[in-house]
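Novice: Supplied in structure tokens, the structure appears directly below.
Number of protein chains: 2
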Amino acid sequence: MGLIVQKYGGTSVATPERIKHVARRVVNTKVAGNDVVVVVSAPGDTTDHLIELAKQVNERPPAREMDMLLATGEQISIALLAMAIHAIGHSAISLTGAQVRILTDGVHTKARILEVDRERIHRELARGNIVIVAGFQGVTPDNEITTLGRGGSDVTAVALASALDAQACEIYTDVEGVYTADPRIVPEAKKLDFVSFDEILEMASSGAVVLQTRAAEYAKQYNVPLHIRSTFSEAEGTRIGEVTAMEKVRVVTAVAHDRNVAKITITDVPDVPGIAHRLFSAIAAKHINVDMIVQSASREGVTDISFTVAATDGEAAAEVAQEVAREIGASGVMWEGGVAKISIVGAGMVTNPGVAAKMFGALAQEGINIQLISTSEIKVSCIIDEKDVERAVRAVHRAFNLDQIDRV
Amino acid sequence: MGLIVQKYGGTSVATPERIKHVARRVVNTKVAGNDVVVVVSAPGDTTDHLIELAKQVNERPPAREMDMLLATGEQISIALLAMAIHAIGHSAISLTGAQVRILTDGVHTKARILEVDRERIHRELARGNIVIVAGFQGVTPDNEITTLGRGGSDVTAVALASALDAQACEIYTDVEGVYTADPRIVPEAKKLDFVSFDEILEMASSGAVVLQTRAAEYAKQYNVPLHIRSTFSEAEGTRIGEVTAMEKVRVVTAVAHDRNVAKITITDVPDVPGIAHRLFSAIAAKHINVDMIVQSASREGVTDISFTVAATDGEAAAEVAQEVAREIGASGVMWEGGVAKISIVGAGMVTNPGVAAKMFGALAQEGINIQLISTSEIKVSCIIDEKDVERAVRAVHRAFNLDQIDRV
Numbered sequence: 001m002g003l004i005v006q007k008y009g010g011t012s013v014a015t016p017e018r019i020k021h022v023a024r025r026v027v028n029t030k031v032a033g034n035d036v037v038v039v040v041s042a043p044g045d046t047t048d049h050l051i052e053l054a055k056q057v058n059e060r061p062p063a064r065e066m067d068m069l070l071a072t073g074e075q076i077s078i079a080l081l082a083m084a085i086h087a088i089g090h091s092a093i094s095l096t097g098a099q100v101r102i103l104t105d106g107v108h109t110k111a112r113i114l115e116v117d118r119e120r121i122h123r124e125l126a127r128g129n130i131v132i133v134a135g136f137q138g139v140t141p142d143n144e145i146t147t148l149g150r151g152g153s154d155v156t157a158v159a160l161a162s163a164l165d166a167q168a169c170e171i172y173t174d175v176e177g178v179y180t181a182d183p184r185i186v187p188e189a190k191k192l193d194f195v196s197f198d199e200i201l202e203m204a205s206s207g208a209v210v211l212q213t214r215a216a217e218y219a220k221q222y223n224v225p226l227h228i229r230s231t232f233s234e235a236e237g238t239r240i241g242e243v244t245a246m247e248k249v250r251v252v253t254a255v256a257h258d259r260n261v262a263k264i265t266i267t268d269v270p271d272v273p274g275i276a277h278r279l280f281s282a283i284a285a286k287h288i289n290v291d292m293i294v295q296s297a298s299r300e301g302v303t304d305i306s307f308t309v310a311a312t313d314g315e316a317a318a319e320v321a322q323e324v325a326r327e328i329g330a331s332g333v334m335w336e337g338g339v340a341k342i343s344i345v346g347a348g349m350v351t352n353p354g355v356a357a358k359m360f361g362a363l364a365q366e367g368i369n370i371q372l373i374s375t376s377e378i379k380v381s382c383i384i385d386e387k388d389v390e391r392a393v394r395a396v397h398r399a400f401n402l403d404q405i406d407r408v
Numbered sequence: 409m410g411l412i413v414q415k416y417g418g419t420s421v422a423t424p425e426r427i428k429h430v431a432r433r434v435v436n437t438k439v440a441g442n443d444v445v446v447v448v449s450a451p452g453d454t455t456d457h458l459i460e461l462a463k464q465v466n467e468r469p470p471a472r473e474m475d476m477l478l479a480t481g482e483q484i485s486i487a488l489l490a491m492a493i494h495a496i497g498h499s500a501i502s503l504t505g506a507q508v509r510i511l512t513d514g515v516h517t518k519a520r521i522l523e524v525d526r527e528r529i530h531r532e533l534a535r536g537n538i539v540i541v542a543g544f545q546g547v548t549p550d551n552e553i554t555t556l557g558r559g560g561s562d563v564t565a566v567a568l569a570s571a572l573d574a575q576a577c578e579i580y581t582d583v584e585g586v587y588t589a590d591p592r593i594v595p596e597a598k599k600l601d602f603v604s605f606d607e608i609l610e611m612a613s614s615g616a617v618v619l620q621t622r623a624a625e626y627a628k629q630y631n632v633p634l635h636i637r638s639t640f641s642e643a644e645g646t647r648i649g650e651v652t653a654m655e656k657v658r659v660v661t662a663v664a665h666d667r668n669v670a671k672i673t674i675t676d677v678p679d680v681p682g683i684a685h686r687l688f689s690a691i692a693a694k695h696i697n698v699d700m701i702v703q704s705a706s707r708e709g710v711t712d713i714s715f716t717v718a719a720t721d722g723e724a725a726a727e728v729a730q731e732v733a734r735e736i737g738a739s740g741v742m743w744e745g746g747v748a749k750i751s752i753v754g755a756g757m758v759t760n761p762g763v764a765a766k767m768f769g770a771l772a773q774e775g776i777n778i779q780l781i782s783t784s785e786i787k788v789s790c791i792i793d794e795k796d797v798e799r800a801v802r803a804v805h806r807a808f809n810l811d812q813i814d815r816v
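Protein chains in written order, with this note's numbering: chain A, 1 to 408; chain B, 409 to 816.
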């Protein structure tokens with residue numbers, strides 16, 4: 001008996017049959033005695049279809065109008081899910097981000113949530129309604145429609161769970177939980193019963209698509225325990241929460257990979273203070289997230305700076321880099337697609353020497369060249385050729401015996 | 409130099425190519441020195457597609473959720489049109505009904521506009537923006553999304569033109585204007601240069617689809633001159649306004665027909681005062697518009713009452729009629745689809761005797777049986793078998809020599 005937030009992704013509401021299936025799951029949770037707030041994404045490939053339409057009328061559609069367009073996808077889902085719940089005799093009401101008043105800043109297509117108004121949701125729950133909220137969207141204090149960027153519906157769910165002090169935040173997806181690697185690449189990959197906030201955060205930023213980075217950040221920041229489950233099975237899924245000391249024994253938890261990577265290198269950068277600040281401030285001003293940053297050792301007063309961004313931001317980031325390179329007198333900018341990132345993640349890594357070396361060894365044995373390396377306390381990431389990524393994931397998964405991981 | 413409201417229907421924005429075409433027309437009007445407010449419908453068959461989706465999850469979807477769903481169609485159009493205008497170097501901003509604050513009552517799927525807030529539109533025009541407003545939708549004072557029913561985008565355009573005191577309200581469609589009859593049925597039908605408010609109102613309610621009844625009502629009520637034009641040609645179209653004495657010479661202006669008709673008859677109704685009030689109040693309470701009402705002469709203290717409604721409202725109206733029939737002790741209710749309405753409309757009809765008789769004669773000569781007759785000052789309507797409708801339209805068009813009508 002409590003308040004449960006459930007989030008269903010696009011594949012879960014891709015067809016009328018699936019929407020009816022989700023309606024039944026939601027109603028089961030309600031009938032068990034809970035208040036239920038449901039967050040849904042746009043159905044199936046609706047968002048891709050809308051983006052395609054936009055490109056046909058404008059190669060570079062203005063971000064504000066893009067948000068106006070894309071917000072319709074989730075609005076379709078919430079209306080259909082509310083109808084499907086009514087069809088099985090329960091009361092539900094759909095609410096857009098604007099109706100809930102999920103207040104965001106005004107950075108269109110990548111807005112950040114400032115505040116969630118609880119009043120309307122509480123009112124509808126008090127009336128006995130199941131409340132269906134459009135994911136991925138918000139509204140500025142000026143009533144402008146915004147969207148939250150990739151994985152925005154997960155962010156909506158976590159923000160609502162936090163604001164409403166929910167007992168659980170369940171993220172329903174088309175896989176059964178978090179795995180030691182992508183099971184489509186590594187058939188012997190195992191499902192994890194528990195993953196820490198830090199681990200899921202590193203995995204999310206390393207391309208494990210089960211949860212998006214920003215949602216993992218929010219969940220950690222507001223300490224919202226998550227439960228990743230499959231829409232299509234009753235399996236227990238993966239729980240995500242604060243790690244306890246005992247659980248830190250796992251050195252390497254999973255291998256993640258990400259094909260959505262562009263690498264940009266500025267060559268012969270004068271090795272004087274303030275250069276990196278100038279470059280990355282200029283990139284941040286365009287609201288582009290930088291992932292890895294590597295600066296090579298200085299030789300003859302110059303150095304190379306490489307960084308990676310999402311492939312979709314590659315062109316814009318390279319343009320900024322070009323400008324800055326000219327200003328600071330660097331010799332040039334190289335922009336490369338066709339690269340990928342492979343990462344190992346594990347909360348126990350920090351206390352275990354030799355973990356990174358073992359990963360590099362596994363890649364070397366497969367003859368895979370490493371272009372960039374970056375490490376954190378619980379992660380080692382390497383940029384490699386995109387064509388090598390599947391072999392690399394399998395080799396590293398094998399090297400750490402992840403198919404024999406203890407289920408915690 | 410002034411403010412022009414333009415409304416583009418669904419076929420005008422059905423494809424990216426057409427949206428770009430509309431963008432150029434809109435920009436031409438702006439470049440000529442006008443402020444431009446554009447109202448658009450949902451693209452092509454989007455609304456039908458959404459209704460189909462709704463039926464798949466719920467045979468009788470709740471009206472509130474239907475509005476939530478259908479409002480997305482126009483939101484897609486406004487975003488795409490704004491993008492297309494940006495692509496050719498002009499600034500435009502799209503606004504939903506909620507953003508403009510087109511305030512309506514709370515009768516979902518058939519809401520009526522209470523008030524239009526001018527503030528946001530004036531602010532955007534002052535910034536030099538072309539303002540693109542979603543047709544067909546509004547918002548209640550409680551922020552609930554509503555839709556205005558069939559032809560709602562026309563209503564939006566007229567309401568905006570009135571609120572903004574526009575110099576012109578141009579309704580763009582896929583035909584070149586108002587004709588003496590449907591040119592698909594009567595190839596020799598002629599385009600009319602001018603039609604009076606009263607005439608267009610009667611024509612609209614008689615099934616001439618170029619403008620919907622409620623929009624014609626609003627236009628007449630608020631004296632908003634309209635200009636019906638084709639999106640796909642530069643032809644002058646048809647102007648609609650207050651008729652002058654001189655123009656009243658046209659006895660019969662056009663023949664209209666409507667296949668979207670259901671006829672309901674209550675038999676053996678006790679002939680006592682208050683019965684009609686009871687019946688039609690009950691139907692009005694369900695927000696069903698009644699078109700024709702015919703009560704036959706009383707015989708032996710009982711009478712028959714027949715009325716027509718839109719075919720889509722037939723079932724619901726028949727249900728209400730059943731209840732009322734039981735209460736008042738009538739003998740039964742007959743509900744017939746498969747009927748159609750044919751009407752002649754003309755502002756000069758009132759002063760010309762024998763017009764109705766001429767119409768009945770034309771139908772009789774074709775062997776077409778008349779089931780119901782209803783007349784107004786400027787209209788004669790007959791309910792006939794739906795299978796006879798095309799022959800009937802051609803016969804009546806010929807009888808009144810409408811292919812030789814003077815172009816006013």
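Built from N, CA and C at the ideal position, the CB exists for glycine as well. Note that the coordinates shown come from a computational prediction; the quantities given were computed from them, not determined experimentally.
DSSP state of B:VAL659, grouped into three classes?
Specialist: coil
Novice: Can you give me the C-alpha to C-alpha distance between A:VAL320 and A:SER281, rounded to a whole angstrom?
Specialist: 10 Å
Novice: Say whether chain A places a C-beta atom closer than 8 Å to the C-beta of B:LEU477.
Specialist: yes
Novice: Leaving out the 5 sequence neighbours to the left and right, which residues in its chain are closer than 7 Å to B:VAL583 when beta-carbon positions are compared?
Specialist: VAL618 and SER638
Novice: May I have the straight-line CA-CA distance separating A:ARG407 from A:LEU192, to the nearest angstrom?
Specialist: For A:ARG407, the predicted model reports a pLDDT of 44, less than 50, meaning its position is unreliable; a value from the coordinates is still stated below. Looking at the two C-alpha atoms, the distance is approximately 6 Å.
Novice: A:HIS397 lies in the alpha helix (DSSP H); which residues open and close that run?
Specialist: Going by DSSP, A:HIS397 is part of the alpha helix (DSSP H) stretching over 389-399.
Novice: Check distances from the C-beta atoms of the stretch 80-95 of chain A to those of chain B and list, in chain order, the residues that come in under 7 Å.
Specialist: LEU80, ALA82, MET83, ALA84, HIS86, ALA87 and SER94
Novice: Between which two residues does the beta strand (DSSP E) carrying B:ILE778 extend?
Specialist: It is not in any beta strand (DSSP E) - B:ILE778 carries neither H nor E in the DSSP assignment.
Novice: Considering only the alpha carbon of each residue, which of B:VAL758, B:CYS790 and B:THR783 lies closest to B:ASN361?
Specialist: Given that chain B is displayed from residue 409 to residue 816, the structure contains no residue 361 of chain B and the question cannot be resolved.
Novice: When burial is assigned at 16 or more other CB atoms within 10 Å of the CB, is A:MET334 buried or exposed?
Specialist: exposed
Novice: I want to verify the contact list: residues of chain B whose CB lies under 8 Å from the CB of A:ILE78, in sequence order.
Specialist: MET476
Novice: Between A:LEU53 and chain B, is there a C-beta pair that is closer than 8 Å?
Specialist: Answer yes: the Cβ-Cβ gap between A:LEU53 and chain B drops below 8 Å somewhere.
Novice: How is the alpha helix (DSSP H) around B:ALA623 delimited, first residue to last?
Specialist: 621-629
Novice: Which whole runs of the alpha helix (DSSP H) in the stretch 20-106 of chain A are 4 residues long or more, in chain order?
Specialist: Counting only runs of 4+ residues, the alpha helix (DSSP H) found wholly inside the stretch 20-106 of chain A occupies 46-57, 63-87 and 97-100, in chain order.
Novice: Do we get a CB-CB distance below 8 Å when we pair B:ILE427 with the residues of chain A?
Specialist: Yes, because at least one Cβ of chain A sits closer than 8 Å to the Cβ of B:ILE427.
Novice: Using a Cβ-Cβ cut-off of 7 Å (strictly less than) and excluding sequence neighbours within five positions of A:THR11, which residues of its own chain qualify?
Specialist: GLY44 and ASP174
Novice: Check whether the Cβ atoms of B:ASN442 and B:SER499 lie closer than 8 Å to each other.
Specialist: In this structure, B:ASN442 lies away from B:SER499, with their beta-carbon atoms at least 8 Å apart.
Novice: Given this structure, state the Cα-to-Cα distance separating A:ASP198 from A:ALA347, to the nearest angstrom.
Specialist: Rounded to whole angstroms, A:ASP198 to A:ALA347 spans 7 Å at the Cα level.
Novice: Identify whether B:VAL680 lies in helix, strand or coil by the three-state DSSP scheme.
Specialist: coil
Novice: Helix, strand or coil: how does DSSP classify A:LYS110 here?
Specialist: coil
Novice: Counting only Cβ-Cβ distances shorter than 8 Å, please list the residues of the stretch 32-57 of chain A near chain B, keeping chain order.
Specialist: Of all residues in the stretch 32-57 of chain A, LEU50, LEU53, ALA54, GLN56 and VAL57 have a Cβ within less than 8 Å of some Cβ in chain B.
Novice: Do the stretch 120-139 of chain A and the stretch 90-106 of chain A meet, that is, are 3 or more Cβ pairs less than 8 Å apart?
Specialist: yes
Novice: Using a Cβ-Cβ cutoff of less than 8 Å, which residues in the same chain neighbour A:THR375 once the five nearest sequence positions on both sides are dropped?
Specialist: ALA356 and SER381
Novice: Considering only residues of the same chain and omitting the five flanking positions on each side of A:GLU436, which have a CB-CB separation below 8 Å?
Specialist: Outside the modelled stretch of chain A, which goes from 1 to 408, sits residue 436 of chain A, for which no answer is possible.
Novice: Mind listing, in chain order, the continuous alpha helix (DSSP H) runs of no fewer than 4 residues lying wholly within the stretch 145-200 of chain A?
Specialist: 152-163
Novice: Measuring alpha carbon to alpha carbon, tell me which of A:VAL261, A:PHE307, A:ALA235 and A:ASP403 ends up nearest A:LYS387.
Specialist: A:VAL261
Novice: From the beta carbon of B:GLN545, is the nearest beta carbon of chain A less than 8 Å away?
Specialist: no
Novice: Ignoring anything shorter than 3 residues or poking outside the stretch 329-371 of chain A, list the beta strand (DSSP E) runs there in chain order.
Specialist: 332-345
Novice: B:ILE608 and B:VAL632 - do their beta-carbons sit closer together than 8 Å?
Specialist: no
Novice: From the DSSP output, in three-state form, read off B:SER613 for me.
Specialist: If DSSP states are grouped into helix, strand and coil, B:SER613 belongs with the helices.
Novice: Which residues in chain B have a C-beta closer than 7 Å to the C-beta of A:GLN99? List them in chain order.
Specialist: Correct list: ASN551.
Novice: Classify B:ASN809 as buried or exposed, calling it buried when 16 or more other Cβ atoms lie within 10 Å of its own Cβ.
Specialist: exposed
Novice: Using the Cβ count rule (16 or more neighbours within 10 Å means buried), how would you classify B:LEU687?
Specialist: buried
Novice: Cβ of B:THR716 within 8 Å of Cβ of B:VAL663?
Specialist: Contact: no.
Novice: Specify the secondary structure class of A:PHE307 as computed by DSSP and reduced to three states.
Specialist: Under the three-state reduction of DSSP, A:PHE307 is assigned to strand.
Novice: For B:GLN483, which residues in chain A fall below 8 Å Cβ to Cβ?
Specialist: MET68, LEU69, ALA71, THR72 and GLN75
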